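Asker:
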Amino acid sequence: MSETVSEAPTAAILVIGDEVLSGRTRDKNIGYIAETLTASGIDLKEARIVPDVEDEIIAALDALRARYTYVFTTGGIGPTHDDITADAVAKAFGVPIDIDPRALAVMRERYHEEDLNAARLRMARIPEGADLIDNPVSKAPGFRIGNVIVMAGVPMIMHRMLDNVLPTLGAGTPVLAREIPVEIKEGDLAPALGQIQAKFPDVAIGSYPQYAEGVFSTRVVVRSRDEEKLKAAAEAVEALVANWPAKDGAAASETGKGFKP
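Counting from 54, one number per residue, gives the positions in the sequence shown under the working numbering.
Here's what the structure looks like:
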């Protein structure tokens with residue numbers, strides 16, 4: 054079970070690329086973005102993966118940017134014909150796109166003039182009105198337009214882009230968390246844990262079943278932006294576990310070898 058935390062800036066991730074949907078490339082960006090945003094007090098609410106199809110990218114962008122404070126995209130801003138993210142973003146915002154003198158200038162720091170062929174120049178095409186996001190790894194920039202942050206799909210480059218854009222965003226109060234390992238099966242624990250949640254509506258209490266060496270147990274995670282509320286809720290969970298009926302506790306441990314969480 055899990056509950057939401059208090060209001061904060063919200064975000065969504067839009068992963069763009071046929072290679073992710075086909076399984077040829079495993080996404081390594083969602084987890085990093087989620088962890089980074091959580092530490093900055095921005096609540097990640099949704100993640101989507103769409104193919105390299107312009108209409109689908111635009112539809113997803115329009116839905117997400119209307120719903121959340123920020124939308125972070127990864128992938129599709131490289132030099133090949135199927136890198137169409139920048140064009141799709143420009144169409145979503147109804148603005149023209151062309152080679153941006155600022156982007157071209159930073160790319161010239163890496164490439165000789167004769168190496169700036171038509172393919173590489175595609176990476177200097179930026180929607181009108183967008184701000185550039187610095188890319189110290191390969192120079193080809195990402196960009197931000199409105200509440201949409203467009204980044205590369207290569208994890209090492211994406212990480213640096215996100216680090217560079219994060220200070221420009223309006224962040225919230227980071228979420229604090231406390232993890233409580235419990236040697237009780239989730240199905241046994243759930244009713245009492247639900248009662249604790251009802252007493253602390255502003256605190257998120259999540260329970261996650263685990264299974265190891267033939268035994269079921271539960272990992273309880275308590276999350277809040279308020280340290281005092283977090284402490285009180287966590288202590289309530291700890292007290293519940295400490296006072297769990299001995300016979301039930303023993304039964305939970307012994308029967309944990311079954312297969313009903």
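From the three backbone atoms N, C-alpha and C, an ideal C-beta is built for every residue, glycine too.
From a predicted model like this one, the values you see are computed outputs, not experimental measurements.
Measuring alpha carbon to alpha carbon, tell me which of Arg-178, Asn-217, Glu-232, Ile-95 ends up nearest Ala-143.
Answerer: Of Arg-178, Asn-217, Glu-232, Ile-95, the residue nearest in Cα terms is Arg-178.
Asker: In chain order, which beta strand (DSSP E) runs of at least 3 residues are fully inside the stretch 100-168?
Answerer: Whole beta strand (DSSP E) segments, 3+ residues: 123-127, 150-152.
Asker: Which term fits Arg-120, buried or exposed, when burial requires 16 or more other beta carbons within 10 angstroms of its beta carbon?
Answerer: It is exposed - the Cβ of Arg-120 has fewer than 16 other Cβ atoms within 10 Å.
Asker: Going by beta-carbon coordinates alone, are Ala-224 and Gly-94 separated by less than 7 angstroms?
Answerer: Yes.
Asker: Counting along the chain, where does the alpha helix (DSSP H) carrying Leu-90 start and finish?
Answerer: Unbroken alpha helix (DSSP H) run through Leu-90: 83-92.
Asker: Along the alpha helix (DSSP H) that carries Ala-251, what are the first and last residues, could you check?
Answerer: Unbroken alpha helix (DSSP H) run through Ala-251: 239-252.
Asker: What are the residues that DSSP puts in a beta bridge with Pro-234?
Answerer: According to DSSP, which records beta bridges pairwise, Pro-234 is partnered with Arg-272.
Asker: Just to confirm before moving on: does the CB-CB distance between Met-176 and Ala-193 stay below 7 angstroms?
Answerer: The answer is yes: Cβ separation under 7 angstroms.
Asker: Verify whether the separation of the beta carbon atoms of Thr-122 and Pro-62 is less than 7 angstroms.
Answerer: Contact flag set, yes.
Asker: Could you pull the start and end residues of the alpha helix (DSSP H) that Ile-316 belongs to?
Answerer: Outside the shown range of the chain (54 to 314) lies residue 316, about which nothing can therefore be said.
Asker: If you measure between the beta carbons of Gly-78 and Val-203, is that distance less than 7 angstroms?
Answerer: The question names Gly, but residue 78 is Thr in the sequence shown. Taking 7 angstroms as the Cβ cut-off, Thr-78 and Val-203 do not qualify as a contacting pair.
Asker: Classify Ser-277 as helix, strand or coil using the three-state DSSP reduction.
Answerer: Ser-277 falls in the strand class under three-state DSSP.
Asker: If you reduce the DSSP assignment to three classes, tell me which class Ser-260 lands in.
Answerer: If DSSP states are grouped into helix, strand and coil, Ser-260 belongs with the strands.
Asker: Find the nearest neighbour of Gly-267 within the set Leu-114, Ile-258, Lys-238, judged by alpha-carbon distance.
Answerer: For Gly-267, the nearest C-alpha among the options comes from Lys-238.
Asker: Does the beta-carbon distance from Ile-258 to Met-214 come in below 7 angstroms?
Answerer: No; because the gap between Cβ atoms is not below 7 angstroms, this pair is not in contact.
Asker: List, from N- to C-terminal side, the alpha helix (DSSP H) runs of 4 residues or more that fit wholly inside the stretch 165-199.
Answerer: Runs of the alpha helix (DSSP H) inside the stretch 165-199: 171-174.
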